[in-house]
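Sequential numbering from 889 applies to the sequence shown in this note's numbering. Cβ coordinates follow ideal geometry from the N, Cα and C atoms, glycine included. Notes to accompany the following structure.
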Amino acid sequence: MKKPIAGLMIGMMAFSISTGTTFADHQSTTGFTDIHLTDWHAGYVLTLSNLDVIRGYSDSTFQPKANISKAEFIVLAMKSQQMHFPTGEGEHWAMNYIRQAEALDAIETDEAAAAGLNESITRAEAARILIRINGTQQQAKDKDLTNERLAILDYNLISDIYQPYVLQAFANGWVSGYPDGKFKPDNHITRAEASVMLTKSLGDEAVKNVELVQAVAEEIRQIEEAQTEVLRESILEAAMALLGTPYRYGGSTPAGFDCSGFVNYVLEEHGIDVPRTSAAMYSAVKKISFDELEPGDLVFFRGYRPGPSHVGIYVGDGEFIHAPSTGKTVSFSNIDDPSYWGRRKIGAARVL
889 MKKPIAGLMI GMMAFSISTG TTFADHQSTT GFTDIHLTDW HAGYVLTLSN LDVIRGYSDS
949 TFQPKANISK AEFIVLAMKS QQMHFPTGEG EHWAMNYIRQ AEALDAIETD EAAAAGLNES
1009 ITRAEAARIL IRINGTQQQA KDKDLTNERL AILDYNLISD IYQPYVLQAF ANGWVSGYPD
1069 GKFKPDNHIT RAEASVMLTK SLGDEAVKNV ELVQAVAEEI RQIEEAQTEV LRESILEAAM
1129 ALLGTPYRYG GSTPAGFDCS GFVNYVLEEH GIDVPRTSAA MYSAVKKISF DELEPGDLVF
1189 FRGYRPGPSH VGIYVGDGEF IHAPSTGKTV SFSNIDDPSY WGRRKIGAAR VL
């Protein structure tokens, strides 16, 4: 019943890996604009995509964080078993799949209610549907699954009608608990999580394909880390080359800088676009904690008015480089200086 996976080739694996490859290049190779090869779910999504089990939206997104509905999950589970039907017309789009699922006793008849089909599916519901569509529900009745039951710390919260299916899905390795040992049966699952469950239900060959993608992703991750490190060093070199440049209100050239003009100039030289003012910059960038700071990150402070009105580039060891104020020049300061900056720091951000 299952589609053969041996020999399955992921189209995106054909790209070459080199130190010149950019983040955008890696992103485009997945076929989805919102999935990067290094995302934890990428291998699962791509495996199902290449088997034509899942597809993205018309805008080329996959929306991995969005909850998946019961109808969507049923359709994908049946497609993974090579059961394909036309989209329903004049009725719920998934009704042709729903009727067939009912005929196979994969779902209950009352699950065909349109309202219920559009609701987000829970972890327990997904486990039952997946086991029944794969035709392994008898194993759930015949096999001793005591170890699986003991491993699920909130087993007593799983409804009786779902317990055997959750146990079998655990035994098959299709689902797992959270780090705290709980299954949380009523939690909804996302499209990314559904992709993991569905791929694992296809067997070892599918999982091996995921591992192949993950191996390539790890190479990409290492390349990107190396590229980022080189970029950080280059940004610091460019910033320090401007030491001594006079402060000039509204300045954004080596003839004179204000704080955001200085940061904007250095980053723009490296192809990084950020808003011109420190307040707008702070609103647009990815926030990090001060404990996460690395050279090349940005640090923001409260200056002459409430909110972020001053910005600099972190250089390491608690120091940052900036264009301080009128009468001064581009120089170093300590972010924890108790006499001024330490009392005024607001946040940190990463643009690399």
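One question on the structure: do residue i and residue j come within less than 9 Å of each other, judged by their Cβ atoms?
i: Asn1006; j: Ser957; result: yes
i: Ser1148; j: Ser1166; result: yes
i: Val1218; j: Ile1160; result: no
i: Pro1183; j: Tyr1153; result: no
i: Arg1190; j: Ile1234; result: yes
i: Leu1090; j: Thr935; result: yes
i: Ile1017; j: Asn1060; result: no
i: Ala965; j: Ala994; result: yes
i: Thr926; j: Glu1099; result: no
i: Ile962; j: Ile942; result: no
i: Leu1055; j: Leu1033; result: yes
i: Gln969; j: Ile1009; result: no
i: Val933; j: Ala1114; result: no
Drop a sphere of 10 angstroms on the beta-carbon of residue i, count the other beta-carbons inside from all chains shown, and report buried for 16 or more, exposed for fewer.
i: Trp928; result: exposed
i: Asn938; result: buried
i: Ala1168; result: exposed
i: Glu960; result: buried
i: Val1101; result: buried
i: Pro952; result: buried
i: Val1118; result: exposed
i: Asp1146; result: buried
i: Gly931; result: buried
i: Thr1141; result: exposed
i: Tyr1053; result: buried
i: Thr1214; result: exposed
i: Asn1035; result: exposed
i: Ala1094; result: buried
i: His1210; result: buried
i: Lys967; result: buried
i: Pro1212; result: buried
i: Gln1051; result: buried
i: Lys1088; result: buried
i: Glu1013; result: buried
i: His924; result: buried
i: Asp940; result: exposed
If you run the structure through DSSP and keep just helix, strand and coil, what is residue i?
i: Tyr1135; result: strand
i: Arg1249; result: Because the chain is modelled from 889 through 1240, residue 1249 falls outside the range shown and cannot be assessed.
i: Lys1096; result: helix
i: Glu960; result: helix
i: Phe1058; result: helix
i: Leu1186; result: strand
i: Ile1160; result: coil
i: Ser1171; result: helix
i: Gly1144; result: strand
i: Gly1069; result: coil
i: Val1084; result: helix
i: Thr910; result: Caution is warranted here: a pLDDT of 37 is assigned to Thr910, below 50, making its placement in the model unreliable, and the coordinate value is therefore given only provisionally. In this structure, Thr910 counts as coil in the three-state DSSP scheme.
i: Ile1176; result: strand
i: Glu996; result: coil
i: Tyr1202; result: strand
i: Ser1008; result: strand
i: Ile1017; result: helix
i: Arg1037; result: helix
i: Asn1022; result: coil
i: Ser1213; result: coil
i: Gly1235; result: strand
i: Glu977; result: coil
i: Asn1222; result: strand
i: Asn938; result: helix
Tell me which residues share the same chain as residue i and place their Cβ nearer than 8 Å to its Cβ, disregarding the 5 neighbours each side in the sequence.
i: Thr921; result: Gln915, Asp947, Ser948, Thr949
i: Asp1185; result: Ile1176, Ile1201, Tyr1202, Ala1236, Ala1237, Arg1238, Val1239, Leu1240
i: Pro1196; result: Ser1166, Ala1167, Met1169, Tyr1170, Phe1188, Phe1189, Arg1190, Ile1234, Gly1235
i: Ser1064; result: Phe1058
i: Pro974; result: Asn984
i: Val1199; result: Cys1147, Ser1148, Val1151, Ser1166, Met1169, Tyr1170, Leu1186, Val1187, Phe1188, Phe1189, His1210
Looking only at its own chain, which residues have a Cβ that is under 6 Å from the Cβ of residue i, when we skip the five neighbours before and after it?
i: Gly1230; result: Asp1224
i: Met983; result: Gly976
i: Ala1129; result: none
i: Pro1163; result: Met1169, Ala1172
i: Gly1144; result: Pro1134, Arg1136
Might you give, ordered along the chain, the residues of its own chain that have their beta carbon closer than 7 Å to the beta carbon of residue i, omitting 5 neighbours on each side?
i: Asn1222; result: Gly1206, Glu1207, Trp1229
i: Thr1116; result: Leu1240
i: Thr1078; result: Pro952, Lys953, Ala954, Asn955, Ile956
i: Glu868; result: Outside the shown range of the chain, which is 889 to 1240, sits residue 868, and nothing can be said about it.
i: Leu1124; result: Pro1183, Gly1184, Val1203
i: Ser1122; result: His1158
Is any beta-carbon of chain B found at less than 9 Å from that of residue i?
i: Ala965; result: Chain labels in this structure do not include chain B; a single protein chain is all it has.
Comparing the CB of residue i with every heavy atom of the ligand GTP, is any distance shorter than 8 Å?
i: Phe920; result: Among the ligands in the structure shown, none appear at all, so the ligand GTP cannot be discussed.
Touching by the beta-carbon criterion (3+ pairs, under 8 Å), the segment 1068-1084 and the segment 1046-1055: yes
Touching by the beta-carbon criterion (3+ pairs, under 8 Å), the segment 1102-1112 and the segment 1136-1156: no
Inter-stretch contact at 8 Å, needing at least 3 Cβ pairs: the segment 1063-1070 / the segment 1032-1040: yes
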